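Remember, this note's numbering sits 4 above the position in the sequence shown when you count from 1.
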Amino acid sequence: PEATLGAVTGMKDIFNGTGNAYFVNNLDGTVTVTAATVASGGDPYEAANGAASMFTIEVLTGSEGTATVALDGLVLRDPSNATIPVNLPSTTITIDCTAPAAVTGITAAPGHNKVHVDWTHNGADVDHYVVLGGLWYDGTVGVSAYPEYDDLPGTIPTPPSSPFVATTEWVALPDVPVGTNTATPTWPDATSRGVYYYTVFAVDAAGNASPAPAAVDRATNYWLGDVASGGGGGPDGDVGVWDINALGAAFGTSQAGGGAYSNIIDVGPTDDWSRLGIPLTDNFINFEDLMIFSLNFGVVSAGAKEKPVISNAVDLQWVTYDNGDLGLRLVEGTGLKGVRVTADIPHALVEAGDLLDAQSELTFLKNVGDALDVSVAVMGVDNGFTGTGDLFVVRGAGAVALDQLHVTARSIENKDLEVSLSQGTGTLTPRVFNLNANYPNPFNPMTKISFSLPEAQNVRLNVYSLDGRLVAKLLNETRGPGLHEVVWTGRNDDGHAVASGVYFYRIDAGPYSQVRKMTLMK
């Protein structure tokens with residue numbers, strides 16, 4: 005190819021700094037290099053000193069290809085100026101001035117104290133890859149903006165145009181050999197948490213670097229939701245029960261309100277609504293944070309199991325029960341992971357519904373404040389609610405119309421689901437066995453005794469005196485699941501009225517047994 009010759013370097017180093025080299029461009033396509041030691045007596049270069057380049061000639065060219073370098077003459081002299089015989093044939097060199105193609109498809113994925121970086125490249129004309137990492141910093145290079153990021157005057161590192169341009173914002177990882185399109189930078193512990201950006205350049209054997217990639221990628225070097233461990237320790241690489249406990253303690257708080265608010269728990273929503281995204285800190289610990297915690301619960305890698313079928317819509321029913329309680333029932337729909345229901349209505353209590361009991365995975369339920377603001381979710385990657393039944397039950401709220409409710413439903417991918425909400429009625433099946441306090445108490449001469457059965461059982465209900473004698477057999481029969489009531493008129497099994505005093509009533513229903521006290525006062 006057409007080429008011009010540039011500077012000559014070398015020679016001086018192999019003469020231990022005592023030599024000089026002279027370069028002459030003869031302007032006819034040839035050059036002459038003359039070099040010698042200048043020390044008296046000479047300081048010869050011996051083979052024992054090790055192999056080294058005698059000199060280097062810079063080749064300046066506007067094209068590339070194969071060029072032949074011919075040695076027209078080579079004269080070597082020893083310290084006595086005697087000629088040293090030498091045999092060095094002509095050789096060829098390859099002039100390479102075209103850089104490899106740009107790297108594409110850079111992806112970064114989080115891990116525990118690590119980031120997984122991958123990219124796409126065909127490997128043609130590549131000697132190695134240069135991977136550069138940059139930190140989202142808080143205004144001072146090298147100081148992480150964790151955990152606030154967008155809430156601080158944080159600075160995103162400007163992607164470099166070349167791997168050879170010095171910058172304090174970007175740090176080079178060890179070179180990656182051609183044939184490997186992945187790198188995994190790691191940190192020793194959780195004190196270096198942050199959002200890290202990555203870019204990759206391909207470099208050939210001649211030192212030519214590829215153009216800057218069209219896009220870089222970023223990831224956290226930790227799992228969102230990994231904030232605690234057993235015994236009050238810090239992050240442990242797993243989003244588990246301790247982390248859910250921390251979320252529950254801070255749930256419903258805000259930065260402005262103080263209290264149990266913690267900005268390391270404020271991880272939702274993320275920039276892409278996924279569990280692997282970048283947290284958009286909104287200064288509230290609420291349903292959005294619950295969704296990210298639940299999506300990452302039990303995570304040990306960025307991979308996930310095969311996703312189940314996800315519905316685009318979910319059928320929910322707002323049920324009014326015969327005892328006045330209200331419930332939100334999942335009727336139909338797969339892939340439902342979390343629900344939030346709000347309404348400006350007071351209530352006495354919000355309890356888990358039977359559907360939560362039926363789940364094999366851990367669930368979360370919490371109401372915030374005095375009005376209705378219920379968040380419920382099932383934990384685990386790609387885990388959604390299975391089956392049908394009540395997500396939660398509201399007690400003491402009175403009638404609530406559908407237009408008073410605002411419902412948000414999210415899939416296992418944290419995507420909004422279309423909600424079909426209908427009104428319904430039903431009989432509430434108790435979730436647990438219970439023998440209630442009689443009413444009224446004290447009484448004369450009549451009182452009502454009620455009990456709850458979660459399943460059908462043969463039931464015996466008897467009244468006893470203080471000394472343990474059987475006074476009356478009130479019930480001995482099979483009853484189905486639900487709430488049941490029995491009235492005692494203050495008479496024994498012979499039909500005679502009993503005296504005033506303290507009595508006990510006992511229920512035995514299969515594996516269940518319970519005793520309560522009542523007072524007859526005439």
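All residues carry an ideal CB built from backbone N, CA and C; glycine is no exception. Remember, it's a predicted structure, so these values are computed and weren't measured experimentally.
Tell me which residue opens and which closes the beta strand (DSSP E) that methionine 554 is part of. Residue 554 falls outside the range modelled here, since the chain spans only 5 to 526, and no answer is possible.
Quick one: give me the first and last residue of the beta strand (DSSP E) that alanine 362 is part of. Here residue 362 is taken as the residue at index 358 of the sequence shown, counted from 1. From DSSP, alanine 362 is part of no beta strand (DSSP E) but of the alpha helix (DSSP H) over 358–362.
Identify, in the order they occur along the chain, each residue of the same chain with its Cβ nearer than 6 Å to the Cβ of lysine 526, setting aside the five sequence neighbours on each side. Position 522 of the sequence shown, counted from the first residue, corresponds to residue 526. Here the set comprises Asn448 and Ser504.
Distance, aspartate 221 Cα to leucine 330 Cα: Translated into the one-based positions of the sequence shown, residue 330 becomes position 326. Translated into the one-based positions of the sequence shown, residue 221 becomes position 217. Looking at the two C-alpha atoms, the distance is approximately 47 Å.
Pairwise C-alpha distance: valine 121 and glycine 46: Indexing the sequence shown from 1 puts residue 46 at position 42. Indexing the sequence shown from 1 puts residue 121 at position 117. Confidence in glycine 46 is poor, its pLDDT being 47 and thus under 50, which makes the residue's placement unreliable; the coordinate value appears in the next sentence. Looking at the two C-alpha atoms, the distance is approximately 55 Å.
In its own chain, which residues sit with a C-beta less than 8 Å from the C-beta of lysine 118, not counting the 5 before and 5 after it? Sequence index remark: in the sequence shown, residue 118 carries index 114 (1-based). Closer than 8 Å at Cβ, skipping near neighbours: Thr188, Pro189, Thr190, Trp191 and Asn225.
Cβ contact check for the region 355–371 and the region 383–394: 3 or more pairs under 8 Å: Yes: at least three Cβ pairs fall under 8 Å.
Member of Thr523, Leu136, Ile110 and Gly211 whose CA lies at the smallest distance from the CA of alanine 218: Walking along the sequence shown from the start, residue 218 turns up at place 214. Taking alanine 218 as reference, the option from Thr523, Leu136, Ile110 and Gly211 with the minimal CA-CA separation is Ile110.
Take threonine 346 and list the residues in its own chain whose beta-carbon comes closer than 7 Å to its own, dropping the five residues that flank it on each side. As a working mapping, residue 346 is identified with position 342 in the sequence shown. These residues qualify, in order along the chain: Leu376, Asp377 and His410.
Close-in-space but distant-in-sequence residues of the same chain around alanine 253 (CB under 8 Å, 5 per side omitted): Along the sequence shown, read from residue 1 onward, the residue named residue 253 stands at position 249. Closer than 8 Å at Cβ, skipping near neighbours: Ala264.
Taking the continuous alpha helix (DSSP H) assigned at isoleucine 248, which residues delimit it? As a position in the sequence shown, residue 248 is number 244, starting the count at 1. Unbroken alpha helix (DSSP H) run through isoleucine 248: 245–254.
Does the region 168–175 come close enough to the region 240–254 to have 3 or more Cβ pairs within less than 8 Å? no
When we look at the beta-carbon of lysine 1 and count the other beta-carbons within 10 Å, is it buried (16 or more) or exposed? Within the shown structure, residues of the chain are numbered from 5 to 526, placing residue 1 beyond reach of any answer.
Go ahead and pull the three-state DSSP assignment for asparagine 300. If you number the sequence shown from 1, residue 300 lands on position 296. Here asparagine 300 carries a helix assignment [DSSP, helix/strand/coil].
So is alanine 52 buried or exposed if we call it buried at 16+ other beta carbons inside 10 Å? Taking the sequence shown and counting its residues from 1, the one referred to as residue 52 is at position 48. Low per-residue confidence applies at alanine 52: pLDDT is 44, beneath 50, and the placement is therefore not dependable enough to give any value.
Near threonine 124, what residues of its chain come up, given a Cβ to Cβ distance below 6 Å and the 5 sequence neighbours on each side ignored? As a first step, residue 124 must be located in the sequence shown, where it is residue number 120. Answer for threonine 124: Thr108 and Gly109, listed in chain order.
Ranges of the beta strand (DSSP E) found wholly within the region 320–370, counting only runs of at least 3: Fully enclosed beta strand (DSSP E) runs of 3 or longer: 330–336, 340–350 and 353–356.
Given asparagine 300 as reference, the closest of Ser214, Ile269 and Trp322 once Cα atoms are compared: Along the sequence shown, read from residue 1 onward, the residue named residue 300 stands at position 296. Asparagine 300 has its Cα closest to that of Ile269, out of Ser214, Ile269 and Trp322.
Quick test of your reading: glutamate 1 and lysine 452, contact by CB under 8 Å. State the CB separation rounded to the nearest angstrom. The question about residue 1 has no answer here: the residues shown for the chain are numbered 5 through 526.
What's the gap between the Cα of glycine 494 and the Cα of glutamine 518? Taking the first residue of the sequence shown as 1, we reach residue 494 at position 490. Taking the first residue of the sequence shown as 1, we reach residue 518 at position 514. Between the alpha carbons of glycine 494 and glutamine 518 lies a distance of about 20 Å.
Roughly how far, in whole angstroms, is the beta-carbon of tryptophan 227 from the beta-carbon of histidine 116, given that I think they are within contact range, below 8 Å? Taking the sequence shown and counting its residues from 1, one reaches residue 227 at position 223. Taking the sequence shown and counting its residues from 1, one reaches residue 116 at position 112. Tryptophan 227 to histidine 116, Cβ: 6 Å. Contact.
Using beta-carbon positions only, say whether alanine 103 and alanine 209 come within less than 7 Å of one another. In the sequence shown, residue 103 corresponds to position 99, counting from 1. In the sequence shown, residue 209 corresponds to position 205, counting from 1. Going by C-beta atoms, alanine 103 is not nearer than 7 Å to alanine 209.
Leucine 139: first and last residue of the uninterrupted beta strand (DSSP E) it sits in: For the purposes of this step, residue 139 is taken as the residue at position 135 of the sequence shown. 132–139 is the extent of the beta strand (DSSP E) around leucine 139.
For the 8 Å Cβ check, are there 3 or more pairs between the region 418–437 and the region 365–373? no
Quick check on this structure: which residue in Tyr509, Pro181 and Asn126 has the alpha carbon closest to the alpha carbon of asparagine 440? Position 436 of the sequence shown, counted from the start, is the residue given in the question as residue 440. Taking only the C-alpha atoms, the option nearest asparagine 440 is Tyr509.
Can you give me the C-alpha to C-alpha distance between isoleucine 99 and threonine 60, rounded to a whole angstrom? As a working note, residue 99 is residue 95 in the sequence shown. As a working note, residue 60 is residue 56 in the sequence shown. Each residue's Cα considered, the two are about 14 Å apart.
Which residues DSSP lists as bridging histidine 500, in chain order: Within the sequence shown, numbered from 1, the residue matching residue 500 stands at position 496. When beta bridges are read from the DSSP output, histidine 500 appears opposite no residue.
Rounded C-beta distance between glutamine 259 and asparagine 287? I'm assuming under 8 Å. Reading the sequence shown from its first residue, position 255 is the one you call residue 259. Reading the sequence shown from its first residue, position 283 is the one you call residue 287. Sure, about 4 Å apart at Cβ, within 8 Å.
When you compare each of Asn496, Tyr468 and Arg464 to threonine 482 by their alpha carbons, which one comes out closest? As a working mapping, residue 482 is identified with position 478 in the sequence shown. Nearest C-alpha to threonine 482: Arg464.
Tell me where the beta strand (DSSP E) around asparagine 466 begins and ends. Within the sequence shown, the letter at position 462 stands for residue 466. 461–468 is the span of the beta strand (DSSP E), which, as asked, contains asparagine 466.
When the Cα of asparagine 185 is compared with those of Val135, Gly158, Ser196 and Asp155, which residue comes out closest? Indexing the sequence shown from 1 puts residue 185 at position 181. Cα-wise, what sits closest to asparagine 185 is Val135.
Contact check, glutamine 321 vs glycine 428, beta carbons under 7 Å: Taking the first residue of the sequence shown as 1, we reach residue 321 at position 317. Taking the first residue of the sequence shown as 1, we reach residue 428 at position 424. Their beta carbons are under 7 Å apart, which means glutamine 321 touches glycine 428 by this criterion.
Mind checking isoleucine 416: buried by the 16 CB within 10 Å criterion, or exposed? The residue you call residue 416 lines up with position 412 of the sequence shown. With 16 or more Cβ atoms within 10 Å of its Cβ, isoleucine 416 is classed as buried.
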